[in-house]
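Quick note on this note's numbering: the sequence shown kicks off at 2 and runs consecutively.
Note that beta-carbon positions come from the ideal geometry of N, C-alpha and C, so glycine has one too.
Beneath this line is the structure, given in structure tokens, with notes to follow.
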Amino acid sequence: MSAFCDHLLGPVCYPVMKKGQWAATTEFKINLTRPVSRGIVDGYAPIQTFGRTQAVVRIDVLNEGRVAAIAQGTVTIMEPRA
């Protein structure tokens, strides 16, 4: 579940970032609300804030329509390497 959330955290920012920028996970916190043993897992990750150097993303993980985890993370917006 942790890896799933981390994989959503950065890429969700790419459509609103400038060309060449990239997102590096700074930190994230996850609350596991129910076990997931089978079925389909969906993740929704709306950007809460997006600034010049960082973004905060909330991640809702659903399993068969029921909340399985809620996470929040911060990414650092990195400039292109020279």
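Problem set entry | Endpoints, alpha helix (DSSP H) assigned at Ala4 | Ser3 to Leu10
Problem set entry | Cutoff 8 Å; reference Glu28; Cβ partners in own chain excluding five residues on either side | Gly74 and Thr75
Exercise. So, using beta-carbon positions, are Ile71 and Gln22 closer together than 8 Å?
Worked result: no
For this session: Taking all protein chains shown into account, decide if Asn64 is buried (16 or more other Cβ within 10 angstroms of its Cβ) or exposed.
Result: buried
For this session: Could you check if Leu33 is buried or exposed, using at least 16 other CB atoms within 10 Å of its CB as the buried criterion?
Result: exposed
Exercise. Roughly how many angstroms lie between the CA atoms of Asp43 and Ser3, to the nearest whole one?
Worked result: 14 Å
Exercise. For Val13, which three-state DSSP category applies?
Worked result: helix
For this session: Can you give me the Cβ contacts of Val57 inside the same chain, cut-off strictly under 6 Å, excluding the 5 residues immediately before and after it?
Result: Gln49, Thr50 and Thr75
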